[in-house]
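Before any comments, here is the structure.
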């Protein structure tokens with residue numbers, strides 16, 4: 001039976017008498033000597049008594065099998081040189097060299113310093129019992145791993161089921177969306193057809209009026225010829241005919257102007273329809289009450305203008321329809337004015353509330369400025385370039401002493417680039433719907449040079465700060481402090497900041513009491 005964790009015993013360590021105490025080699029010196037021979041001891045503990053160094057030391061090895069192999073090699077080495085345990089106890093005249101062996105059962109139960117130390121710091125085990133213990137540990141580990149694997153598989157199956165449910169829901173939503181788009185397209189097509197038919201009807205009516213005026217002009221010209229042939233006829237009748245001709249020409253000119261105005265109104269009406277279609281696409285048919293009123297008023301005004309221009313023949317039914325439209329337009333305008341007053345009051349109230357929220361947010365930012373970034377809620381400087389990637393890149397190119405200075409210089413240089421308003425490495429792209437979007441220009445000369453010379457990490461640090469600067473302060477181009485949720489990597493809400501302060505206050509209160 002061996003002492004476990006595996007231990008060796010060194011005896012016959014030379015000592016000298018100093019100030020009434022025996023002094024010998026230190027445990028560190030002994031451990032270094034044994035390590036040089038390849039025995040890899042963890043620790044060498046000299047044994048002391050009331051007279052000082054006892055001349056004995058305990059060598060501690062790793063408690064696993066590699067430690068056992070080192071201990072046996074340690075013992076065999078000394079036995080081959082005849083400095084083992086038997087040599088120590090059988091020799092009457094011991095030489096001035098170390099004797100050593102592996103601690104066993106008889107050493108464990110021996111009296112004196114060695115037995116006391118071994119019993120205090122170890123227990124007895126056979127090789128077979130150690131192997132059985134290792135097998136038990138391995139078996140328990142395998143059982144634990146199997147249970148963990150089974151749990152993970154169950155969790156994976158649950159997640160797969162949930163994923164299938166979400167996929168099914170998404171498919172249903174996509175079908176519904178397709179149905180809505182199809183219905184919307186059909187409605188748009190129907191509205192376009194109605195507008196086209198209305199415009200065609202206006203054009204036909206214009207052609208009829210023009211033809212009627214042309215016929216009247218020809219008739220008057222014919223009558224003029226007849227009157228000229230009959231010069232002897234009454235002069236008053238001739239002047240009357242000329243007057244009628246002048247009135248007819250004025251009427252034709254007015255009709256022409258009215259036709260041009262009608263065409264302009266029709267074109268504006270068409271453009272208004274197209275603009276309305278685009279607005280419907282953007283808002284997905286979710287127009288509010290104010291927009292509905294404005295569109296209704298515009299429609300009534302357009303209809304009123306068309307009716308006024310078409311009211312040339314003095315039709316009583318048409319005049320009645322004009323009056324009805326005027327009354328309805330007046331009612332809608334009054335309703336819109338009331339809605340505008342209510343909306344203005346809500347805007348003033350919202351601005352006041354927003355100012356109060358911004359003041360509270362500024363106070364939170366001031367309160368959290370000195371809080372460590374390891375905290376859950378703190379202040380993040382948006383637009384500030386992180387120096388760590390520059391330090392990593394500088395260490396690859398310069399010595400350790402120069403790297404700190406070079407990284408600081410490079411970081412400061414790129415921070416100055418970000419503050420320069422003349423450098424704007426962004427470009428504008430249009431999507432399929434015609435919406436403009438500003439994205440980073442990855443082909444910018446400075447960014448390409450940065451990526452080539454300092455690598456992706458420094459490039460990502462600069463582009464991240466650049467995007468933050470463009471989002472938070474594109475005109476001023478200076479660093480902006482922002483309340484930040486570091487755990488979730490997002491902008492913190494006022495609720496997050498206040499909750500964090502309350503938690504800190506509660507913790508401080510518990511510590512006080």
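In the UniProt record's numbering, the protein residues as written are 1 to 513. Ideal placement from N, C-alpha and C gives every residue a C-beta, glycine not left out.
Candidates the options, of which the one nearest residue i by Cα
i	options	result
residue 13	41, 181, 66, 94	94
residue 128	87, 2, 399, 352	2
residue 467	410, 351, 430, 423	423
residue 35	4, 67, 503	67
residue 376	110, 48, 447, 485	485
residue 98	437, 25, 365	25
residue 219	245, 209, 503	245
residue 55	61, 464, 40, 23	23
residue 492	162, 364, 211	364
Cβ neighbour criterion (16 or more within 10 Å) applied to residue i
i	result
residue 101	buried
residue 421	exposed
residue 352	exposed
residue 400	exposed
residue 203	exposed
residue 70	buried
residue 114	buried
residue 284	Confidence is the limiting factor: at residue 284 the pLDDT is only 47, short of 50, which leaves the residue's position unreliable, though a coordinate-based value still follows. Exposed, because fewer than 16 other Cβ atoms sit within 10 Å of the Cβ of residue 284.
residue 410	buried
Own chain residues within Cβ distance below 6 angstroms of residue i, not counting five before or after
i	result
residue 368	378, 379
residue 44	27, 30, 31, 57, 59
residue 78	84, 100
residue 50	none
residue 395	403
Close Cβ partners of residue i (< 7 angstroms) along its chain, the five nearest in sequence each way excluded
i	result
residue 414	385, 462
residue 241	223, 224, 227
residue 119	108
residue 427	439, 441
residue 361	483, 494
residue 282	Because the pLDDT at residue 282 is just 48, under 50, the model does not fix this residue reliably, and the value given afterwards should be weighed accordingly. Answer for residue 282: no residue qualifies.
residue 259	Reliability of the predicted coordinates at residue 259 is poor, the pLDDT of 44 falling under 50, and the value obtained from them is presented with this limitation in mind. So the qualifying residues of the chain are 206.
residue 126	1
Cut-off 8 angstroms between Cβ atoms - residues of its own chain near residue i, not counting five sequence neighbours on either side
i	result
residue 554	One cannot answer for residue 554 here, as it falls past the ends of the chain, which runs 1 to 513.
residue 117	45, 47, 58
residue 111	none
residue 11	55, 56, 88, 98, 99, 100
residue 425	440, 441, 444, 446, 447, 466
Minimum Cβ-Cβ distance from residue i to chain C less than 8 angstroms
i	result
residue 391	Although the question refers to chain C, the structure presented lacks it and comprises just one protein chain.
Assumed close pair residue i, residue j - CB separation to whole angstroms, cut-off 8 angstroms
i	j	result
residue 248	residue 217	7 angstroms
residue 473	residue 480	5 angstroms
residue 469	residue 418	6 angstroms
residue 454	residue 403	Not quite, the Cβ-Cβ distance comes to about 12 angstroms (not below 8 angstroms), so this is no contact.
residue 106	residue 4	Wrong, their Cβ atoms sit about 15 angstroms apart, outside the cutoff.
residue 75	residue 8	7 angstroms
Closer than 7 angstroms: residue i CB and nearest the ligand ADP heavy atom
i	result
residue 384	No copy of the ligand ADP appears in this structure; indeed no ligand is present at all.
Which ranges would you report for the beta strand (DSSP E) in the stretch 443-510 if only whole runs of at least 3 residues count?
-> 480-485
- Message: Quick check for students: name the residue ranges of the beta strand (DSSP E) that lie wholly in the stretch 350-435, counting only runs of 3 or more.
- Response: 377-382, 426-430
**Asked** Mind pulling the alpha helix (DSSP H) runs of 4 or more residues that sit fully within the stretch 103-189?
**Response** 105-108, 112-121
(Q) Quick check on the DSSP output: what are the complete beta strand (DSSP E) runs of length 3 or more inside the stretch 62-87, in order along the chain? (A) none
(Q) Quick check for students: name the residue ranges of the alpha helix (DSSP H) that lie wholly in the stretch 1-53, counting only runs of 4 or more. (A) 27-36
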